[in-house]
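The block underneath contains the structure these notes are about, expressed in structure tokens.
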Amino acid sequence: MDTDLTRPSSVAGPDPIDTLPPTFRWGVATSSYQIEGAVASDGRTPSIWDTFCRVPGAVANGDNGDVACDHYHRMPQDVALIADLGLDTYRFSVAWPRVQPGGRWPAHVAGLAFYDRLVDELLGRDVEPWVTLYHWDLPQELEDAGGWPNRDTAYRFADYAELVFAALGDRVRTWTTLNEPWCSAMLGYAYGDHAPGRRNLGDGIAAAHHLLLGHGLATRRLREAASAPIELGLTLNLATADPATDSAADRDAARAADGLGNRLYLDPVLRGEYPQDVIADLAAEGVRIPVEDGDLDVIATPIDVLGVNFYFGQLHSGVDEQGRDRDDDGKPVRRVVRRDLPRTAMDWEIVPESFTDLLVRLHRDYPGTPMVITENGAAFDDEPDADGFVADDDRVGYLTEHLRAVARARAAGADVRGYFAWSLLDNFEWAYGYDKRFGIVRVDYDTQRRIPKRSALWYRDTVRRVRGRR
Ligand code: IFM
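With my numbering applied, the sequence shown covers 1186 to 1655.
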């Protein structure tokens, strides 16, 4: 396609995107369960998502990841897509039950062989592999043994991390231990929206702590095992939490949301402590973080890169619609206030300026750790034309404004070194099944045909332009 799609409209003066340096990393991200399919091939055993998808009503339309994008069988074609877009990095995750079925046993050669081929295919195409070790597909056997609320799972994770590193560490430079531990812990164990579907705040908080412990243990193991320089880190999903008004109740609601959603993960990893206000909020709910001696030192093992996933921000209020700041149980009111703003198909508010605020705040409050945007993107109700092409100007607009937001944060001093669009392909969007499409490449699920959307072409042209190749 010859048309240059990189002429965004609504910016006065030079486009901030053009200030991104030539060394900036450009990529796309995916995750194993969302795209691979082949859930029973070559010795893979079930993960908690295979099980959860069978629970009636848990996932929209009863969808599951059995086939997904069939990436397991179409990997070379998908790598070619990434290379053709001119991207330098591909962030993918390893399916734990594929490479260590059951989560305890020795490395499974047939499962590892897939990732071995993937890494070689990427390197052969000049695309750098960026491995995420855990993107939510816990082996079911480990859930049966208590899951993430069970401390032992952290040690199982460290063993698994070492086993994957032994197979791929000679070629993979960058490693993310966990993707979005908030989602694993809270959506999975406290709110029940994700696998394994438990609804218990205490379990959610125990899961969060053991995920972080697993992160720290794995980071140490990989650092010890590495014979060449590597980059280690974890990825957090961070959302801005602003008070709806300047009232004390609204400010407190925003503080609490920021605490439970952001600082509960940032502070232990980057400061070696849990935030006191969150500890107090949890204590009021009768919940204690199960910290043992030495845990925080392990969790705060230095990392090289913080992965930031950003999708939206929220306004919080501490009063209900009747103006009360306590609910019927006498607990403080915690409410998200809907703004009159454009939204994605996920019903998430589009607030790119909050992205800048977040990155500048991270730089201010947690200095010294380089950041990479490991996910950013949007689902929209794509409408393919007769050839399957999607002229997704809404997604182009979203990506444009969020890249500008990153560039503005950099101009304000935030050390952001790369940006990965979520996602390469339309895929299995967890509890929403295949209804929500985040891909810059359309997947026709009937034929498994891949059709780059306008956003993919825009991304390709933007990367090329910023790198100064044209
Ligand atoms: O699809 C997910 C991904 O698995 C984790 N981050 C958010 C994305 C969109 O919901």
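Where a beta carbon is used, it is the ideal one built from N, C-alpha and C, also for glycine.
All values reported here derive from a predicted model rather than from experimental measurement.
Fewer than three Cβ pairs drawn from the region 1494 to 1507 and the region 1467 to 1476 lie within less than 8 Å of each other, which leaves the two stretches out of contact. If you compare the alpha carbons of A1441, Q1219, L1584 and G1418 with that of Q1461, the shortest gap goes to A1441.
Here W1533 carries a coil assignment [DSSP, helix/strand/coil]. Judged by DSSP in its simplified three-state form, A1438 adopts helix. The beta-carbon separation of R1649 and P1201, rounded to 17 Å, does not stay under the 8 Å limit for a contact.
Excluding sequence positions up to five before and after V1312, its CB lies within less than 6 Å of the CB of I1267, A1268 and Y1275, all in the same chain and listed in chain order.
In the structure shown, the three-state DSSP call for E1586 is helix. Across the structure, A1370 and R1509 are spaced so that their CA atoms are roughly 30 Å apart. Excluding its 5 nearest sequence neighbours in each direction, A1330 has C-beta neighbours in its own chain below 8 Å: D1337 and T1338, listed in chain order. Between Y1218 and D1388, the gap from beta carbon to beta carbon reaches 8 Å or more. H1379 carries a coil assignment under DSSP once its states are collapsed to helix, strand and coil.
Under the three-state reduction of DSSP output, R1276 falls in the strand class. In this structure, the C-beta of W1367 stays at least 7 Å away from each heavy atom of the ligand IFM.
In chain order, A1392, H1395 and L1396 place their CB closer than 6 Å to the CB of W1333, counting only its own chain and leaving out the 5 sequence neighbours on each side. If you ignore the 5 residues before and after D1577, its C-beta comes within less than 7 Å of the C-beta of F1565, D1567, K1638, R1639 and S1640, all in its own chain and listed in chain order.
Residue side-chain check: H1587 keeps its Cβ at 7 Å or more from all non-hydrogen atoms of the ligand IFM. A Cβ-Cβ separation of about 6 Å places F1540 in contact with H1587 under the 8 Å criterion. DSSP links N1494 through a beta bridge to N1422 and E1560. Remark: C-beta atoms of G1603 and G1212 approach each other more closely than 8 Å. Proximity of the region 1237 to 1253 to the region 1615 to 1622 meets the contact definition, three or more beta-carbon pairs being nearer than 8 Å.
Taking 8 Å as the cut-off, the beta carbon of L1455 is found closer than this to the beta carbon of Y1551. Shortest gap from the CB of Q1461 to any heavy atom of the ligand IFM: 7 Å or more. Counted as a single uninterrupted DSSP element, the stretch harbouring L1445 is not any beta strand (DSSP E), since DSSP gives it neither H nor E.
Between the alpha carbons of M1260 and L1303 lies a distance of about 7 Å. In the three-state reduction of the DSSP assignment, F1605 falls in the strand class.
If you look at Y1459, you'll find it isn't in any beta strand (DSSP E); DSSP assigns it neither H nor E.
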